[in-house]
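Novice:
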Amino acid sequence: MHETGKTYRGKQLSLDGKCFENCTFERCELDYGGGIPPVLSGCSFDNCSFSFSGRAAYTLAFLSGMHGGGFSTVVEQTFQGIRDGAYLRLPVQEIEPPGAPRQPVDAHPLAFRVPRIVSVPRRKS
């Protein structure tokens, strides 16, 4: 879907695989589910919220678990690479077949008090 110059007010929109150029978003809920990254070129956003579902939410849950489980340096380096404009490769193949049902993911920040990914220090010999 390619939209140019359109105004969205109070809408819930999925961003996956979509292209928006010079569009205006007012009080919208924008969701990215981990599919093909959207294009948002020259758009303006007023009082909008972003959410992550599906594979995107699983990725955030994984990063949260890594960060709380002793891999905070890896996560911080990843974010620094993003801030520096590093190019991240897209996956070679789909993890789920198209049309597969998606499980809901609770990506609430308090959901990961117990690390799910733990770094174990090496024993000194």
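My numbering puts the first residue of the sequence shown at 326, with every later residue one more than the last. The C-beta atom is built at its ideal place from N, Cα and C for all residues, glycine as well. Fair warning: this is a prediction, and the values are worked out from it, not measured in the lab.
Is the region 368-379 touching the region 348-356 in the sense that three or more CB pairs, one from each, lie closer than 8 Å?
Specialist: Because the criterion of three Cβ pairs below 8 Å is met, the region 348-356 and the region 368-379 touch.
Novice: Considering just the uninterrupted stretch of the beta strand (DSSP E) at PHE350, what are its terminal residues?
Specialist: That run of the beta strand (DSSP E) goes 349-351.
Novice: Within a Cβ cutoff of 6 Å, which residues of the same chain sit near GLN337, ignoring the five residues on either side of it in sequence?
Specialist: GLU354
Novice: So, at 8 Å on beta carbons, what are the nonlocal neighbours of ASN347 in its own chain, with the 5 sequence-adjacent residues on each side left out?
Specialist: Only THR329, GLY330, SER366, GLY367, CYS368 meet the Cβ criterion.
Novice: Run through DSSP, which three-state label would SER397 get?
Specialist: Three-state result, SER397: helix.
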